[in-house]
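*Asks:* Got a structure here, written out as structure tokens. Questions coming.
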DNA sequence: CGAATAGTGTCTATAAGACATTATACT
DNA sequence: AGTATAATGTCTTATAGACACTATTCG
């Protein structure tokens, strides 16, 4: 019990604790009208055969680089149009049966993606409905269910006050498509007319001039994210409907 | 380059990377009418003599426990009335000159505290104005300036939509004292009368029945946090004044 | 034409923000 | 009385939310 001085391990390396450090990625996308999450099936013990989050150990690289590398290795997903942000770090001593593993969780958002190809390591990657993980119909390895809960809640709340919903859309999108992202991620209906007015007044989209009829009906104007405002907070925020505003 | 399978290191431990894992704590308090942060002076190389965040290496314990233990060891601060939440994890390979150190940063908030006693390791701990760290008048060791920036911004934004401001107050406090917390943390004036109305309608305080005249003038009612709502989101939120609402 | 979706307008309730006024202590 | 702070009230403007209506395509 002599590890007193901060960073004092040059002369006290006997008590310095060392851990394996991993990244785990909650990759969310909106596909087939639902919020879906990328899962892999664990090929090795422990928890062999269980579904889990993609991820792996950190090499001699920065943490976000490790997350991108693992995604690419396991699913061949192109990290170019990928929003990536750090979620939380999980380090309970008992979270991995083999010993101390610190896991830095990342949240990744992507526009609708196809079924992932097997990665270079032939891991079986697939899309699963996020709802199935959240309500326990699908049980993941380790503490990954809790990580998913955290990630989905982060995505839900960031739709309120950032431009993050556009990360689920293609480069160009209609207001309706953006609204459907909100509805699907929040799993609550959103009034199309009020949404239109609010998203316009929040002023973070720019019109491309093009139109599309891919959703049927009257041609819809196509928009893209105003990159200059991409990191701004939305004002006013797009608050999700709150049940029982005040008790 | 054969670390392919996730958690596959039982049979491939030769490529498994291991890191030192530390916690660093951004402990904020409101003292003497200012937002202040707890700093220590590094006693050992590297960066000997530089101010830094309190913290240290993680032992065989969970991460929040490590943060509490380090705070207690270095400053004898009682973690009882302490809000502690995880901030972010910093893991750039070059952030520590001696090698790979992953640091899990924590944000701690406490009501006004006295000058810290030297801890068991005789580290010189002291309060510094957070503003001096933010604007670069005080340069910290490693990447600690960036961590402080992150921590202060987290505190500022959480005052908006959570009950966190009460973590800076004593058990019982007046509306004016709570308002002064908002003003100091946001460093912006807040209209006393509108604040009063909003905090009442947000409905997260309970009146204790007692009154105080410690601030002079008419006796003020004392309140405490309604514990049942402590983890709720504030509705409506206490938004800080935004300059230039919309460009 | 009807069906479908895009986009605009209108009304009401609530909340934000500016600011006046009254209340109750202390010296 | 005078001063200081607490607490309440009033008015204006902005935003949220409900919902009617018009516009433009397709088949």
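Chains as they are written, first to last, in our numbering: chain A, 1349 to 1595; chain B, 1349 to 1595. Positions of the beta carbon are idealized from the N, C-alpha and C atoms, including for glycine.
For a test of the three-state rule: what should DSSP assign to residue 1504/A, helix, strand or coil?
*Replies:* Residue 1504/A sits at position 156 when you count from the first residue of the first chain. DSSP places residue 1504/A in helix when its eight states are reduced to three.
*Asks:* Is there a Cβ of chain A sitting closer than 8 Å to that of residue 1356/B, yes or no?
*Replies:* By one-based count along the second chain, residue 1356/B stands at place 8. Model confidence at residue 1356/B stands at a pLDDT of 41, short of 50, so the residue's coordinates are unreliable; what they give is reported in the following sentence. Residue 1356/B counts as touching chain A.
*Asks:* Under 8 Å between beta-carbons, which chain B residues line up against residue 1366/A? List them in chain order, please.
*Replies:* For this step, residue 1366/A is matched to residue 18 along the first chain. By Cβ distance, chain B contributes 1366, 1367, 1368 and 1369.
*Asks:* Does the Cβ-Cβ distance between residue 1507/B and residue 1586/B come in under 8 Å?
*Replies:* Here residue 1507/B is taken as the residue at index 159 of the second chain, counted from 1. Here residue 1586/B is taken as the residue at index 238 of the second chain, counted from 1. Yes. Within cutoff.
*Asks:* Who are the neighbours of residue 1528/A on chain B, taking C-beta pairs under 7 Å?
*Replies:* On the first chain, residue 1528/A is found 180 positions in, with the first residue counted as 1. Here the premise fails: no neighbours, minimum Cβ distance about 25 Å.
*Asks:* Looking only at C-alpha atoms, which of 1564/B, 1545/B, 1511/B and 1504/B sits nearest to residue 1576/B?
*Replies:* On the second chain, residue 1576/B is found 228 positions in, with the first residue counted as 1. Closest by alpha carbon: 1511/B.
*Asks:* Whose C-beta lies closer than 8 Å to the C-beta of residue 1535/B among residues of the same chain, with five residues either side of it excluded?
*Replies:* The sequence position of residue 1535/B within the second chain is 187, counting from 1. Counting only Cβ-Cβ distances below 8 Å, and skipping sequence neighbours, we find 1383 and 1479.
*Asks:* Run down chain A in chain order and give the residues with a C-beta less than 8 Å from the C-beta of residue 1343/B.
*Replies:* Nothing can be reported for residue 1343/B, as the shown portion of chain B is limited to 1349 through 1595.
*Asks:* Sort 1497/B, 1391/B, 1409/B and 1427/B by Cα distance to residue 1443/A and report the nearest one.
*Replies:* Mapped onto the first chain, residue 1443/A falls at position 95. Minimum Cα distance to residue 1443/A is reached at 1409/B.
*Asks:* Note down, one range per segment and in chain order, each beta strand (DSSP E) of at least 3 residues found wholly within the region 1393-1433 of chain B.
*Replies:* Qualifying beta strand (DSSP E) stretches, in chain order: 1403-1405.
*Asks:* Can you tell me whether residue 1464/B is buried or exposed, with buried defined as 16 or more other CB within 10 angstroms of its CB?
*Replies:* The residue given as residue 1464/B occupies position 116 in the second chain. Buried, because 16 or more other Cβ atoms sit within 10 Å of the Cβ of residue 1464/B.
*Asks:* Looking at chain B, is there any beta carbon in it that lies within less than 8 Å of the beta carbon of residue 1405/A?
*Replies:* Here residue 1405/A corresponds to residue number 57 of the first chain, with the count starting at 1. Judged by the 8 Å Cβ criterion, residue 1405/A is in contact with chain B.
*Asks:* Who are the neighbours of residue 1425/B on chain A, taking C-beta pairs under 8 Å?
*Replies:* Within the second chain, numbered from 1, the residue matching residue 1425/B stands at position 77. Going along chain A, no residue has its Cβ under 8 Å from residue 1425/B, so there is no contact; the nearest lies around 15 Å.
*Asks:* Return the residues of the region 1444-1457 of chain B that lie within a Cβ-Cβ distance of less than 9 Å from chain A, sorted by chain order.
*Replies:* Listed in sequence order: 1444, 1446, 1448, 1449, 1450 and 1452.
*Asks:* At the 8 Å Cβ level, is residue 1531/B part of the contact set with chain A, yes or no?
*Replies:* As a position in the second chain, residue 1531/B is number 183, starting the count at 1. Taking Cβ atoms only, chain A never reaches closer than 8 Å to residue 1531/B, which makes this a no.
*Asks:* Using the beta-carbon of each residue, which ones in chain A are nearer than 8 Å to residue 1409/B?
*Replies:* Sequence index remark: in the second chain, residue 1409/B carries index 61 (1-based). Near residue 1409/B (Cβ distances below 8 Å), the residues of chain A are 1441.
*Asks:* Taking the alpha-carbon positions, what's the residue 1567/A to residue 1500/A distance?
*Replies:* By 1-based counting over the first chain, the position of residue 1567/A is 219. By 1-based counting over the first chain, the position of residue 1500/A is 152. Straight-line Cα distance between these residues: approximately 33 Å.
*Asks:* Quick one: what's residue 1477/A bridged to in DSSP?
*Replies:* Within the first chain, residue 1477/A is the residue found at index 129, counting from 1. Bridge partners of residue 1477/A: 1384/A.
*Asks:* In three-state terms, what does DSSP make of residue 1530/B?
*Replies:* Taking the first residue of the second chain as 1, we reach residue 1530/B at position 182. Residue 1530/B falls in the helix class under three-state DSSP.
*Asks:* For a cutoff of 8 Å on Cβ pairs, would you count residue 1437/A as touching chain B?
*Replies:* Translated into the one-based positions of the first chain, residue 1437/A becomes position 89. So yes, residue 1437/A belongs to the interface.
*Asks:* Please tell me whether residue 1378/B and residue 1532/B are closer than 8 Å, where the distance is taken between their beta carbons.
*Replies:* Numbered from its first residue, the second chain carries residue 1378/B at position 30. Numbered from its first residue, the second chain carries residue 1532/B at position 184. Taking 8 Å as the Cβ cut-off, residue 1378/B and residue 1532/B qualify as a contacting pair.
*Asks:* Quick check on the burial criterion: 16 or more other C-beta atoms within 10 angstroms. Buried or exposed for residue 1522/B?
*Replies:* Reading the second chain from its first residue, position 174 is the one you call residue 1522/B. It is buried - the Cβ of residue 1522/B has at least 16 other Cβ atoms within 10 Å.
*Asks:* Check the Cβ of residue 1434/A against every Cβ in chain B and list those closer than 8 Å, keeping chain order.
*Replies:* Counted from its first residue, the first chain places residue 1434/A at position 86. Per Cβ cutoff of 8 Å: 1436 and 1437.
*Asks:* Got a sec? Which residues, its chain only, sit under 7 Å from residue 1460/A by beta carbon, not counting five neighbours each side?
*Replies:* Your numbering for residue 1460/A matches position 112 in the first chain. Hits under 7 Å: 1377, 1378 and 1379.
*Asks:* When we look at the beta-carbon of residue 1396/B and count the other beta-carbons within 10 Å, is it buried (16 or more) or exposed?
*Replies:* In the second chain, counting from the first residue as 1, residue 1396/B sits at position 48. Exposed, because fewer than 16 other Cβ atoms sit within 10 Å of the Cβ of residue 1396/B.
*Asks:* Mapping the DSSP letters down to three states, classify residue 1499/A as helix, strand or coil.
*Replies:* Counting from 1 along the first chain, the entry for residue 1499/A is found at position 151. Residue 1499/A falls in the helix class under three-state DSSP.
*Asks:* Are residue 1404/A and residue 1374/A close, meaning C-beta to C-beta below 8 Å?
*Replies:* Translated into the one-based positions of the first chain, residue 1404/A becomes position 56. Translated into the one-based positions of the first chain, residue 1374/A becomes position 26. No, these two residues do not count as a Cβ contact at 8 Å.
*Asks:* Our contact map puts residue 1343/B next to residue 1438/B with C-beta atoms below 8 Å; I'd like the distance itself, whole angstroms only.
*Replies:* Lying before the first or after the last residue shown, residue 1343/B is absent from chain B, which here runs from 1349 to 1595.
*Asks:* Rounding to the nearest angstrom, what Cα-Cα distance links residue 1445/B and residue 1394/B in this structure?
*Replies:* For this step, residue 1445/B is matched to residue 97 along the second chain. For this step, residue 1394/B is matched to residue 46 along the second chain. Approximately 8 Å, taken between the alpha carbons.
*Asks:* By alpha-carbon positions, which one of 1588/A, 1432/A and 1538/A ends up nearest to residue 1509/A?
*Replies:* Stepping through the first chain from its first residue, residue 1509/A is reached at position 161. With distances taken between Cα atoms, residue 1509/A lies closest to 1588/A.
*Asks:* Keeping to the same chain, check which residues put their C-beta closer than 6 Å to that of residue 1492/B; ignore five residues upstream and five downstream.
*Replies:* Stepping through the second chain from its first residue, residue 1492/B is reached at position 144. If we look at residue 1492/B and ignore the five residues flanking it on each side, its Cβ neighbours are 1400 and 1401.
*Asks:* Let me know the secondary structure DSSP gives residue 1561/B once reduced to three states.
*Replies:* The sequence position of residue 1561/B within the second chain is 213, counting from 1. Residue state, collapsed to three classes: coil.
*Asks:* Name the one or two DSSP bridge partners that residue 1451/A has.
*Replies:* Along the first chain, one-based indexing puts residue 1451/A at 103. 1370/A and 1438/A, per the DSSP bridge assignment.
*Asks:* Have a look at residue 1593/B and residue 1583/A and give me their C-alpha separation to the nearest angstrom.
*Replies:* Here residue 1593/B refers to the residue found at position 245 of the second chain. Here residue 1583/A refers to the residue found at position 235 of the first chain. Residue confidence is low: residue 1593/B scores 41 on pLDDT, short of 50, so the model does not pin down where it sits. Its coordinate-derived value is still stated next. If I take the Cα positions, the gap works out to 7 Å.
*Asks:* For residue 1572/B, name the three-state secondary structure that DSSP assigns.
*Replies:* Residue 1572/B sits at position 224 when you count from the first residue of the second chain. In this structure, residue 1572/B counts as strand in the three-state DSSP scheme.
*Asks:* From what residue to what residue does the alpha helix (DSSP H) around residue 1542/B run?
*Replies:* For the purposes of this step, residue 1542/B is identified with residue 194 of the second chain, where counting begins at 1. Counting along the chain, the alpha helix (DSSP H) containing residue 1542/B begins and ends at 1540-1550.
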